[in-house]
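Asks: Dropping the structure in here first, questions after.
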Amino acid sequence: MSKPRVAIFDFAGCEGDQLQIVNLEEVVLDVLGQVEIVTWREAMKEQSDHYDIALVEGSITRKSDEERIKAIREKAGILVAIGACATIGGINCMKNFQDEKFVRRYVYGDKAHWYNTYAARPVSAVVPVDANVHGCPINREEFVQVLKALLQGKKPFIPNYPVCVDCKKAGNVCVLLKGQFCMGPVTRAGCGACCITEGAYCWGCRGLVDDPNMDAARELLGRFGISAGEALGQIRLYDGYREEAR
Amino acid sequence: MSKSAKRELHIRVDHLTRVEGHGNIVVNVSNGKIEDCRWEVVEAPRFFEAMVRGRKWYEMHHITCRICGICSIGHTLASLQATEAALGIEVSEQTVLLRKLALHAENLQSHILHVGYLVLPDLMGVGSVVPLAGSHPAELKTVIRIHRLSNEFSDTICGRTTHPQRLVPGGFVKYPKVDELKKLRQGLTEALSDLKEVARLVCSLAERFPAFSRETEYIALKSNQEYAMYHGQVGSSDGGTWAPGQYKEVTNEFCVPHSTAKYTKHNRDSYMVGALARFNLNSDRLTPEARAVAGLFKLKPVCYNSFMNNVAQIVECVHSVEDSINIIDRALGRGLALEDIPPIKVCAGRGVSAVEVPRGILFHDYQYDDAGTCIGANLIIPTNQNHNNIYHDLQALLPSLLGKPEKEIELGLEMLVRAYDPCISCSAHYLKVKFKK
Ligand code: SF4
Ligand code: SF4
Ligand code: SF4
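Taken in order, these protein sequences are the chains called A and B. Going by my numbering, the letters in the first sequence line up with residues 788 to 1033, in that order. Going by my numbering, the letters in the second sequence line up with residues 239 to 675, in that order.
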């Protein structure tokens, strides 16, 4: 049986997720042993090669990129979004809340008209996505687990409970008690609450759980003196696209 | 008549290795005359400077480090320094030591990734790192060993290899343990001999680097105390230094229609930043072993061969390892203390920073209102400063290649752009070169 063919593509993002794949070191050779990487880093338009699995990093931020992702979708049996930029729009969506003309002028001045852009969006807003590997950046172990499941024809397990569960398991002291904000109560778990373990708080990079109990979250955060406005600002750090789409 | 006299050549390299983005090489030669030789950057613009407007001072490093996954530590440090300058925050000596370690970890990680996974296959005449697993397993394992160590290095100091969480304005929110630092020191000592092995290997293949030379200006941080990475003055190989706050006098950004990344220029048509620029300005401050490796390659300042940036990266790997061992000794010698973040008084202000990241000098410039909300930002990343120099290098290199077979021209152009350190991409042959006949 021939090995499944995997292609990796990137759109607007920082390549941190691709770096996580490289950082698997020997494991990557192991995984690579079971698949054949046919494209990594750019759309090989001219290639007659087909691929079974497309891994896509980054948000869609231009009309021209829509065509590229649609072509990828057509060729791929399975399309996996990797990283917050691709799964939920990620930090790129912060610019969606500002006037687009202003944004372009602010960065490119009187040459603004040379550069096209539109509101950033996740891959799923343009083409159907079969699986998500969440995070900013992705978690290496989770990536391998999702890829393995897909290779076996199984549906990968993606948690749909809040980071607070991971956080309790990690034995962290809740940062709310220290008067700090945290997105943990409404953010999808699966990262092991790594940011809190490393001394920060949860910024919400894995996106909201499917049915976030916003009333309870508001009430909880309110109890610690955090306003709804502040919470909204935090949601817009990563999950602005969802907020915008509502 | 020479073969090049009536040469017809139309090259289009679509989406070359991402040099902080997607780039294309476009070459058109008609009847032996170069009609077009362009380096296009077609990456989707991300508008960070506009995005951070309205965000709070304590989020800035978290957001701006997402500009680049490969130098996220460098962006974090540049961001923290800019915020600290704006809000008047003083950090402790221990914080500076740990931050310098973080920067070395990233420098080592990024350089070894580039040299080991990208340049080495070129020099060995294969398309990617994958065939090396069969033909040169020992060498590849050495590279992987150094790469893994560099990631453990980042983990130990920053808590994560990409987008660190422990580094915040004012200092650290979590510290490495003494045992972890000792273990790291041991690993770094062992890596020194691994690195020298890699250096010898590359040296044995060094004749594959073209004997290219084009005089240009080199811009890098300079300091009286050390091989400047974490802080210093902005220096030029043409002479002169500027305070980070005067960066605009050096960078002079401008737009060109075929590139979404802005170009820069200073004294000449273009300037170069990165490992070779740092070496050219600061080689006398390298650690002894690093200087010995430079000697192995006969690398001397001022070197005008952009291909030698790859060699300067190897030299810097050794420097980063050796200097890190020294810093760890200092940190352990003075005793690792759990320090509180100093009290921060939020106020209006502007702060500029300049930090050396693997690919060159990086500037962050922020303005805050009195609530600590960002009202203005300017970010100038290294690769953007290099685009214009790549463009001029391509123009200079192409004529010397015209008599060669197409495959060699293609490889020469690819290697030139790669020498500037075009991002990750370890296994696939990702270049798409098209010759239209
Ligand atoms: S999700 Fe995060 S790590 Fe991945 S590309 Fe986007 S910013 Fe980079
Ligand atoms: S609110 Fe944040 S710190 Fe508290 S338990 Fe939840 S995830 Fe952990
Ligand atoms: S703790 Fe929050 S911000 Fe950190 S990785 Fe997990 S979901 Fe993302």
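Virtual Cβ for every residue (Gly too), placed ideally from N, Cα, C. Please read all numbers here as calculations on a predicted model, not as lab measurements.
(1) Kindly list, in the order they appear in chain E, the residues whose Cβ is closer than 9 Å to that of residue 306/B.
(2) Could you tell me whether the segment 618-634 of chain B touches the segment 444-459 of chain B, where touching means 3 or more Cβ pairs closer than 8 Å?
(3) Of all the CB atoms in chain A, is at least one closer than 8 Å to the CB of residue 397/B?
(4) Run the CB neighbour count on residue 342/B, radius 10 Å, all protein chains shown included, and call it buried at 16 or more, exposed below.
(5) Under the three-state reduction of DSSP, which class applies to residue 465/B: helix, strand or coil?
(6) So, is the C-beta of residue 351/B closer than 8 Å to a C-beta in chain A?
(7) Taking a Cβ distance cut-off of 7 Å, strictly less, list which residues of the segment 264-290 of chain B are near chain A, in chain order.
(8) Would you call the segment 936-956 of chain A and the segment 971-982 of chain A touching, i.e. three or more CB-CB distances under 8 Å?
(9) Looking at ligand 1, does it come within less than 7 Å of residue 801/A, judged from the CB to the closest heavy atom?
(10) Could you work out which residue in 638/B, 651/B, 645/B and 658/B is closest to residue 271/B when comparing CA atoms only?
(11) According to DSSP, which residues form a beta bridge with residue 535/B?
(12) Per DSSP, which residues does residue 457/B bridge with? Please list them.
(13) Between the segment 849-877 of chain A and chain B, which residues of the former have a C-beta closer than 7 Å to a C-beta of the latter?
(14) When you compare only the Cα positions, how much space is there between residue 657/B and residue 620/B?
(15) Among the candidates 972/A, 909/A and 937/A, whose CA atom is the shortest distance from the CA of residue 955/A?
(16) So with CB distances below 7 Å, who are the chain B contacts of residue 890/A?
(17) For ligand 3, is there a heavy atom less than 7 Å away from the beta-carbon of residue 950/A?
(18) Closer than 7 Å, Cβ to Cβ, to anything on chain A: give me those residues from the segment 401-413 of chain B, in chain order.
(19) Roughly how many angstroms lie between the CA atoms of residue 460/B and residue 521/B, to the nearest whole one?
(20) For residue 508/B, which residues of its own chain have a beta-carbon under 8 Å away from its beta-carbon, when the five flanking residues on both sides are left out?
(21) Measuring only from the beta carbon, is residue 980/A closer than 7 Å to any heavy atom that is part of ligand 3?
(22) Of the residues 855/A, 868/A, 985/A and 796/A, which one's Cα is nearest the Cα of residue 395/B?
(23) Please tell me whether, using a cut-off of 7 Å, the distance from the CB of residue 961/A to the nearest non-hydrogen atom of ligand 4 is below it.
(24) Can you name, in chain order, every residue of its own chain whose Cβ lies under 8 Å from the Cβ of residue 967/A, other than the five neighbours on each side?
(25) Looking at residue 969/A and ligand 2, is the gap between the Cβ and the nearest heavy atom below 7 Å?
(26) Residue 481/B and residue 594/B - do their beta-carbons sit closer together than 8 Å?
(27) Report yes if the C-beta of residue 871/A is less than 7 Å from at least one heavy atom of ligand 1; otherwise report no.
(28) Taking Cβ to Cβ, would you say residue 872/A is nearer than 8 Å to residue 799/A?
(29) On the criterion of 16 or more Cβ atoms from any shown chain inside 10 Å, does residue 607/B qualify as buried, or is it exposed?
(30) Which residue comes first and which comes last in the alpha helix (DSSP H) that contains residue 984/A?
(31) Rounded to whole angstroms, what's the CA-CA distance from residue 811/A to residue 1002/A? Just pull it up for me.
(32) Please list the partners that residue 625/B has in chain A, where partner means a Cβ-to-Cβ separation under 7 Å.
(33) From the beta carbon of residue 806/A, is the nearest beta carbon of chain B less than 8 Å away?
(34) Would you call the segment 332-348 of chain B and the segment 539-547 of chain B in contact, with 3 or more CB pairs under 8 Å?
(35) Residues of the segment 368-397 of chain B with a CB closer than 7 Å to any CB of chain A: list them in chain order, please.
(36) Compute the beta-carbon to beta-carbon distance between residue 574/B and residue 468/B, rounded to the nearest angstrom, for a pair I have assumed lies under 8 Å.
Replies: Considering the structure as presented:
(1) Included in the structure are the protein chains A and B, with no chain E among them.
(2) Because the criterion of three Cβ pairs below 8 Å is met, the segment 618-634 of chain B and the segment 444-459 of chain B touch.
(3) Residue 397/B belongs to the set of residues whose beta carbon lies under 8 Å from a beta carbon in chain A.
(4) It counts as buried.
(5) Residue 465/B falls in the coil class under three-state DSSP.
(6) Residue 351/B counts as touching chain A.
(7) Contact annotation: in the segment 264-290 of chain B, residues whose CB is within less than 7 Å of a CB in chain A are 282, 283, 284, 285, 287, 288 and 289.
(8) Verdict: yes, contact present.
(9) Checking every heavy atom of ligand 1 against the Cβ of residue 801/A, one is found closer than 7 Å.
(10) For residue 271/B, the nearest C-alpha among the options comes from 638/B.
(11) Note: residue 535/B sits in no beta bridge, so no partner.
(12) Note: residue 457/B is bridge-paired with 474/B in the DSSP secondary-structure output.
(13) Using a CB distance below 7 Å, the part of the segment 849-877 of chain A facing chain B consists of 849 and 852, ordered along the chain.
(14) For residue 657/B and residue 620/B, the distance between alpha carbons rounds to 14 Å.
(15) Of the residues 972/A, 909/A and 937/A, the one whose Cα lies closest to the Cα of residue 955/A is 972/A.
(16) Here the neighbours are 285 and 288.
(17) Yes, Cβ of residue 950/A sits closer than 7 Å to a heavy atom of ligand 3.
(18) Cβ contacts with chain A: 401, 403, 404, 411 and 412.
(19) So the alpha carbons of these two residues sit roughly 11 Å apart.
(20) The beta carbon of residue 508/B is closer than 8 Å to those of 454, 455, 501, 502, 626, 627, 629 and 630 in its chain, skipping five residues each way along the sequence.
(21) Because some heavy atom of ligand 3 lies under 7 Å away, the Cβ of residue 980/A counts as near it: yes.
(22) Looking from the CA of residue 395/B, the closest CA among 855/A, 868/A, 985/A and 796/A belongs to 985/A.
(23) This structure does not include ligand 4; its bound ligands are ligand 1, ligand 2 and ligand 3.
(24) Hits under 8 Å: 988.
(25) For ligand 2, at least one heavy atom lies less than 7 Å from the Cβ of residue 969/A.
(26) No, they are not a contact pair.
(27) Yes, Cβ of residue 871/A sits closer than 7 Å to a heavy atom of ligand 1.
(28) Their beta carbons are under 8 Å apart, which means residue 872/A touches residue 799/A by this criterion.
(29) With fewer than 16 other Cβ atoms inside 10 Å of its own Cβ, residue 607/B counts as exposed.
(30) Element bounds for residue 984/A: 981-984.
(31) Going from the Cα of residue 811/A to the Cα of residue 1002/A covers about 40 Å.
(32) In chain order: nothing, as chain A lies at least about 15 Å away.
(33) Chain B contact via Cβ: present.
(34) By the Cβ criterion, the segment 332-348 of chain B is not in contact with the segment 539-547 of chain B, since fewer than three pairs of Cβ atoms, one from each stretch, lie closer than 8 Å.
(35) Answer set for the segment 368-397 of chain B: 371, 382, 385, 386, 389 and 397.
(36) Not really, about 19 Å apart at Cβ, beyond 8 Å.
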